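Asks:
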Amino acid sequence: MKVRTIWHNVRIATCDEAMTELHDAALITNGPTIEWIGRESDMPRDLDREAKRVDLRNRWITPGLVDCHTHLVFAGNRAQEWAEILKGATYEEIARRGGGILSTVSATRRASEAELFDQAAPRLESLLAEGVTTIEVKSGYGLTLEDERKMLRVARELGRRYPVLVRTTFLGAHAVPPEFAGRADEFIDAVATEWLPALYDEGLIDMVDVFCDRIAFDTTQAERVLASAAKHQLPIRMHAEQLANIGATQLATRMRALSCDHLEYSNEDDVRTMVRAQTVAVLLPTAYLHLRETKQPPIESLRRHGASIAVASDCNPGSAPSASLLLAGALATRLFALTAAEVLAGITRNAAKACGAERRGMLKVGCAADFVVWDVAAVEEVLYWMGRAAPAMVVRDGVRLNSLGPQPFANDS
Ligand code: DI6
Ligand code: FE
1115 MKVRTIWHNV RIATCDEAMT ELHDAALITN GPTIEWIGRE SDMPRDLDRE
1165 AKRVDLRNRW ITPGLVDCHT HLVFAGNRAQ EWAEILKGAT YEEIARRGGG
1215 ILSTVSATRR ASEAELFDQA APRLESLLAE GVTTIEVKSG YGLTLEDERK
1265 MLRVARELGR RYPVLVRTTF LGAHAVPPEF AGRADEFIDA VATEWLPALY
1315 DEGLIDMVDV FCDRIAFDTT QAERVLASAA KHQLPIRMHA EQLANIGATQ
1365 LATRMRALSC DHLEYSNEDD VRTMVRAQTV AVLLPTAYLH LRETKQPPIE
1415 SLRRHGASIA VASDCNPGSA PSASLLLAGA LATRLFALTA AEVLAGITRN
1465 AAKACGAERR GMLKVGCAAD FVVWDVAAVE EVLYWMGRAA PAMVVRDGVR
1515 LNSLGPQPFA NDS
């Protein structure tokens, strides 16, 4: 039997399209679904007496947070390369001499599935402790069929062992691996015609992404991978316009991508096509900061055209060594001058849209009963702190999580 719970005496940031805020409100969950939401005084009177009641003491709730762009699964880290960068080397220089992504590829290939799981788990735990209940996880550090499979299996296993919805993305086209050096087109062939169909058949892929940029794959190569994704009816994402504008956004939107991500070098025309294609613009301020980028994504233009903006952690060892979505959100307000409301929508509703997580990122009847209770006087406070906000309570699928570790205990109240 489904458990019905009345969560009352609460203020709610629904994060719906109108960013509705409710005071003196209540939320009723029935099993894993939101059954009713509104002013407490309007609550239906004929509710069963068995329903559990939880007094949230006038605290704020938001939807469970959605981290829609992460490379959470990888082995080792690149602290030493970073130390070189601090002394003057650049990310691109390091990448060109076979470091960068490829050093993480070697470490990830050497790691067993269990080792990869153990290294990714603490990063996931940091995100869960912030109230993340949905996360996207990309492959892209294996770059052989077996190693890409290993990464995606770890991502799926994290979703089974932790109280989080995991959406997996195949990013086989992340970098050209050493065994294909100088043969990028052949590598793309393998990714598009062999690996993608095989991993799709194994149920390991929810979406497909390509790193389309000056130091990665060109639009012709990207299109081959994305066409294969489309053939399998898999949604498309795109690492677009991060280091230069090579037309990635134009290609992605033509193919109805769910999102284009990074976007520092995208222009007004790109923004227009994203809006027309209903493609979410995913901003990754932690990578912008870590790479000391100075070219900002076209924020004013995104705002003027009414684009859907999401913000994500980009958690990865090269450009965003951080496992904090709240830090990314806090940085988006400072570095990109987004408003607190824009970021809040960006880590909930728009993020869910970017990673195809239906019924997530919003508190509405019929949506998943995933929400975060915050001990704050104003909801903006969640983004005001930089490295300090923590939820008072996280509810996933209608169940209060007492532990954000691998084995959640049963609801206690
Ligand atoms: N863009 C990024 O910022 C990350 N991947 C990508 O396509 C960086 C990945 C790394 O450096 O390991
Ligand atoms: Fe990324």
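Read left to right, the sequence shown gives residues 1115 to 1527 (our numbering).
Idealized CB from N, CA, C, for every residue including glycine.
In this text, all values refer to a predicted model and were calculated from it rather than measured experimentally.
1) Ignore the nearest five residues each way along the sequence and tell me which others in I1175's own chain have a CB closer than 8 Å to its CB.
2) Among residues of its own chain, excluding the 5 on either side of I1360, which ones have a beta-carbon nearer than 7 Å to its beta-carbon?
3) May I ask which residues mark the beginning and end of the beta strand (DSSP E) holding A1491?
4) What are the residues that DSSP puts in a beta bridge with D1375?
5) Quick check: does the Cβ of S1433 come within less than 8 Å of any heavy atom belonging to the ligand FE?
6) Classify Y1135 as helix, strand or coil using the three-state DSSP reduction.
7) Is the closest heavy atom of the ligand DI6 to the C-beta of R1223 under 8 Å?
8) When you compare the CB positions of Y1314 and H1346, do they come within less than 9 Å of one another, or not?
9) Does P1431 come within less than 9 Å of chain D when only Cβ atoms are used?
10) Would the beta-carbon of K1467 be found less than 8 Å away from any heavy atom of the ligand FE?
11) Who pairs with T1334 in a beta bridge, going by DSSP?
12) Given A1287, which residues of its chain have a CB within under 6 Å of its CB, disregarding the five upstream and five downstream residues?
13) Under 8 Å: does the beta carbon of L1310 sit that close to some heavy atom of the ligand DI6?
14) So, is Q1392 buried or exposed, given that buried needs 16 or more other C-beta atoms within 10 angstroms?
15) For R1173 and A1491, what's the separation of their Cα atoms in angstroms?
16) Would the beta-carbon of F1284 fall within 9 Å of that of L1357?
17) Report the partner residues of H1122 according to the DSSP bridge assignment.
18) If you follow the alpha helix (DSSP H) that L1272 is part of, which residue opens it and which one closes it?
19) DSSP three-state label for K1467, please.
20) Closest by CA to A1455, which one among A1203, G1432, E1131, R1418?
21) Which term fits W1499, buried or exposed, when burial requires 16 or more other beta carbons within 10 angstroms of its beta carbon?
22) Under three-state DSSP, which class holds R1370?
23) Are C1481 and L1372 touching if we call contact CB-CB under 9 Å?
24) Have a look at L1405, E1250, V1389 and flag the residue whose alpha-carbon is nearest the alpha-carbon of G1202.
25) Check E1593 in the structure and name its three-state DSSP category.
26) With DSSP as the reference, label R1417 as helix, strand or coil.
27) Relative to the C-alpha of T1367, which residue among M1157, Y1379, R1351 is closest?
28) By the three-class DSSP mapping on this structure, what secondary structure does R1474 have?
29) Please check the pair V1168 and T1119, which I expect to be a contact at CB under 8 Å, by giving their CB distance rounded to whole angstroms.
30) Can you give me the start and stop residues for the alpha helix (DSSP H) that F1294 sits inside?
31) I need the straight-line Cα distance from P1277 to G1296, nearest angstrom please.
32) Report yes or no: do the stretch 1397 to 1412 and the stretch 1441 to 1451 share at least 3 C-beta pairs separated by less than 8 Å?
33) Quick one: using the 10 Å Cβ neighbour count with 16 as the cut-off for buried, is A1524 buried or exposed?
34) Identify every residue that forms a DSSP beta bridge with D1181.
35) Use the C-beta contact count for S1527: other C-beta atoms within 10 angstroms, 16 or more gives buried, fewer gives exposed.
Replies: Based on what the coordinates show:
1) Excluding the 5 residues flanking it on each side, I1175 has same chain C-beta neighbours closer than 8 Å at W1121, V1124, R1125, I1126, A1127, L1141, L1477, F1485, V1486, V1487, W1488, in chain order.
2) C1326, D1327, R1328, D1332, T1333
3) Careful: A1491 lies outside any beta strand (DSSP E) and carries neither H nor E.
4) H1353, V1396
5) yes
6) The sequence as given places Glu at residue 1135; Tyr does not occur at that position. Three-state DSSP puts E1135 in a strand.
7) Flag unset: Cβ of R1223 not near the ligand DI6.
8) A contact, by the Cβ cut-off of 9 Å.
9) No chain D appears in this structure, which consists of one protein chain only.
10) no
11) Beta-bridge pairing links T1334 to no other residue.
12) V1305, V1324, F1331, V1339
13) no
14) Answer is exposed; the Cβ neighbour count stays below 16.
15) 7 Å
16) No; because the gap between Cβ atoms is not below 9 Å, this pair is not in contact.
17) A1140, D1169
18) 1259 to 1275
19) helix
20) E1131
21) exposed
22) coil
23) no
24) L1405
25) With the chain covering only 1115 through 1527, there is no way to say anything about residue 1593.
26) helix
27) R1351
28) coil
29) Right, their Cβ atoms sit about 6 Å apart.
30) F1294: not part of any alpha helix (DSSP H); DSSP gives it neither H nor E.
31) Whole-angstrom Cα-Cα distance: 43 Å.
32) yes
33) Residue placement at A1524 cannot be trusted, given a pLDDT of 45 that sits under 50; the coordinates are not used to answer.
34) I1249
35) Low confidence applies here, because S1527 scores a pLDDT of 43, under 50, leaving its location unreliable; read the following figure in that light. Exposed: under 16 other Cβ atoms inside 10 Å.
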